[in-house]
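Chains as they are written, first to last, in this note's numbering: chain A, 69 to 248; chain B, 423 to 721.
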């Protein structure tokens, strides 16, 4: 892997015909427009508030679960992309999930883009042209992430923080959310 | 040996662990001065012998029927490595990380609807309690994904870890008189973790030395105790339930590892020191011991 990975392209082990593409954009200024285009369907992607992501693995786990439920037609939300945002959230309130993990009301924000089944990069090109921001390597996530915000939202006690890295704590919460 | 080995196999101990142990015994016997291995050394030895056995393990057909009726692999990319009474364990990769996948299979003798409900309930319960344990600060493998369709749990594969069962056996076979010294700090840690668990009102339900693992990688100066297999766990504040939890461990401990009464006492001592509610739990443990098999309720 080169010093800066501009995008991550991988497949899901359990769903090998699904490819996942991730790209990171910094200082995006047209959040409202992006949000509109997601709602009307022009953008078919998960656009995630990068501050809440400590590691791409966290997103991949959310994607895996979203695709899994999509195939079973058991999603809680309407689209697989909405489901990704919902899976990232600790709670069961869909609107809250979109508000915390989706595009923010901010003049400038960092956004993580997730596309599915775009091996040739066509969708990425299209979305790239809409987003007004700078493409940066995925490694920069560690500088963007706001760990305190994550700890506060997930209500992670000190005891649990000692058990593993933040990404593991968050992922375990995500995975066991619907176990009760 | 009567029921305890069966209990042990209800969890995840099985043939492959014994096989790796024999490898170690051979090497211990051949060395002139059998030294007591550290946890890290045992993990290393087991990893090496696992590599040697790796060729056999990659054949996924055969035991445990990891293929569906048509002979296709049910879990492509995953390799079966253990089969217990309730579940099969596989190793594989998931989103770039090494994982262990626990598949609870259906019991054909049960009524199908009941079976479905029971199996899902067990899977759910295991995931829920493991999460609860982590919140309380108990090290346990991180769960990455739970598939409620086929009752599979995908979790962190702790590659640099061994069971306390294997370690106790290795130390005892090598150490002779010094075993106690070597094992005491481990027992101490186990006591602490159990105290933390019970203080959080979590009952493990299947405490055996195969379910208490020891993890040590290069960044760690001391091994860490990790609990696995929360399949039979529950939540309870009752001292009785906690006492029984300890009793189950005591029975499993003493029957798997002969002459370890003093070692087990270290666990209880450490437990008492760490837990605020320990006194009442130990009292219950004494009561349960009196109630046990072949005990006259006289006096």
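The beta carbon of each residue, even a glycine, is placed where N, CA and C say it ideally should be. Remember, it's a predicted structure, so these values are computed and weren't measured experimentally.
For residue i, return the contacting residues in chain B, with the cut-off set at a CB-CB distance below 8 Å.
i: residue 241/A; result: 553
i: residue 236/A; result: 564 and 578
i: residue 244/A; result: 549, 550, 552, 553, 565 and 568
Is it buried or exposed, residue i, if we count other Cβ atoms within 10 angstroms and call 16 or more buried?
i: residue 533/B; result: exposed
i: residue 247/A; result: buried
i: residue 601/B; result: buried
i: residue 712/B; result: exposed
i: residue 122/A; result: buried
i: residue 477/B; result: Because residue 477/B sits at a pLDDT of 43, beneath the cut-off of 50, its placement in the model cannot be relied upon, and the point is left open.
i: residue 85/A; result: exposed
i: residue 226/A; result: exposed
i: residue 709/B; result: exposed
i: residue 447/B; result: Caution applies to residue 447/B, whose pLDDT of 43 falls short of 50 and renders its modelled position unreliable; the value that the coordinates give is listed next. Label assigned to residue 447/B: exposed.
i: residue 479/B; result: With a pLDDT of only 43 at residue 479/B, under 50, the local geometry of the prediction cannot be trusted, and no value is derived from it.
i: residue 633/B; result: buried
i: residue 637/B; result: buried
i: residue 184/A; result: buried
i: residue 117/A; result: buried
i: residue 573/B; result: buried
i: residue 484/B; result: Here the model assigns residue 484/B a pLDDT of 38, short of 50, so the residue's position is not dependable, and the following value carries that caveat. Label assigned to residue 484/B: exposed.
i: residue 539/B; result: exposed
i: residue 231/A; result: buried
Following the continuous beta strand (DSSP E) through residue i, name the residue where it begins and the one where it ends.
i: residue 524/B; result: 519 to 526
i: residue 637/B; result: 634 to 637
i: residue 568/B; result: 565 to 569
i: residue 114/A; result: 114 to 117
i: residue 575/B; result: 574 to 578
i: residue 178/A; result: 177 to 184
i: residue 516/B; result: 509 to 516
i: residue 628/B; result: Premise fails: residue 628/B is in no beta strand (DSSP E) and is neither H nor E.
i: residue 142/A; result: Residue 142/A -> no beta strand (DSSP E), and no H or E assigned at all.
i: residue 94/A; result: 83 to 96
i: residue 503/B; result: 501 to 505
i: residue 195/A; result: From DSSP, residue 195/A is part of no beta strand (DSSP E) but of the alpha helix (DSSP H) over 190 to 198.
Quick one: list the residues of chain A neighbouring residue i, beta-carbon separation under 9 Å, in chain order.
i: residue 515/B; result: 81
Using a C-beta to C-beta distance shorter than 7 Å, which residues of chain B count as neighbours of residue i?
i: residue 56/A; result: Outside the modelled stretch of chain A, which goes from 69 to 248, sits residue 56/A, for which no answer is possible.
i: residue 112/A; result: Chain B residues near residue 112/A: none, gap ~22 Å exceeds 7 Å.
Locate the alpha helix (DSSP H) running through residue i, then write down its first and last residues.
i: residue 230/A; result: Where residue 230/A is concerned, there is no enclosing alpha helix (DSSP H), given that its DSSP letter is neither H nor E.
i: residue 607/B; result: 601 to 621
i: residue 591/B; result: 586 to 597
i: residue 677/B; result: 661 to 678
i: residue 155/A; result: 148 to 156
i: residue 687/B; result: 683 to 696
i: residue 703/B; result: 700 to 713
i: residue 536/B; result: 534 to 557
So residue i and residue j are in contact, right, with Cβ under 8 Å, and what is the actual spacing, rounded?
i: residue 576/B; j: residue 589/B; result: Actually they do not touch by this definition, with Cβ atoms about 26 Å apart.
i: residue 132/A; j: residue 181/A; result: Not confirmed; about 17 Å, so no contact.
i: residue 91/A; j: residue 101/A; result: Contact flag wrong, Cβ pair sits at about 18 Å.
i: residue 581/B; j: residue 520/B; result: 6 Å
i: residue 140/A; j: residue 546/B; result: So it is not a contact: roughly 16 Å between Cβ atoms.
i: residue 89/A; j: residue 186/A; result: 5 Å
i: residue 548/B; j: residue 564/B; result: Going by Cβ atoms, the distance from residue 548/B to residue 564/B rounds to 14 Å, so no, they are not a contact pair.
i: residue 174/A; j: residue 99/A; result: 6 Å
i: residue 617/B; j: residue 555/B; result: About 13 Å; that fails the 8 Å criterion.
i: residue 463/B; j: residue 561/B; result: At roughly 21 Å, the Cβ-Cβ gap does not stay under 8 Å, so residue 463/B and residue 561/B are not in contact.
List, in order along the chain, the chain A residues whose C-beta lies closer than 8 Å to that of residue i?
i: residue 520/B; result: None at all; the shortest Cβ gap to chain A is about 11 Å.
i: residue 613/B; result: By Cβ distance, chain A contributes nothing, its closest Cβ being about 17 Å from residue 613/B, past 8 Å.
i: residue 546/B; result: 247 and 248
Check the Cβ of residue i against every Cβ in chain A and list those closer than 7 Å, keeping chain order.
i: residue 556/B; result: 228, 231 and 240
i: residue 371/B; result: The question about residue 371/B has no answer, for chain B in this structure spans 423 to 721.
i: residue 722/B; result: In this structure chain B extends from 423 to 721, so residue 722/B is not present and cannot be described.
*If contact means a Cβ-Cβ distance below 8 Å, which residues of the region 120 to 152 of chain A contact chain D?*
Among the protein chains of the structure shown, namely A and B, there is no chain D.
*the region 566 to 578 of chain B: positions lying closer than 9 Å to chain A by Cβ*: 566, 567, 568, 569, 570, 571, 575, 576, 577 and 578
*If you measure beta-carbon to beta-carbon, which residues of the region 205 to 234 of chain A are closer than 7 Å to chain B?*
225, 227, 228, 230, 231 and 232
*Taking Cβ-Cβ distances below 9 Å as the criterion, which residues of the region 627 to 639 of chain B are in contact with chain A?*
none
*May I ask you to list, following chain order, the residues of the region 649 to 668 of chain B that have a beta carbon less than 8 Å from some beta carbon of chain A?*
none
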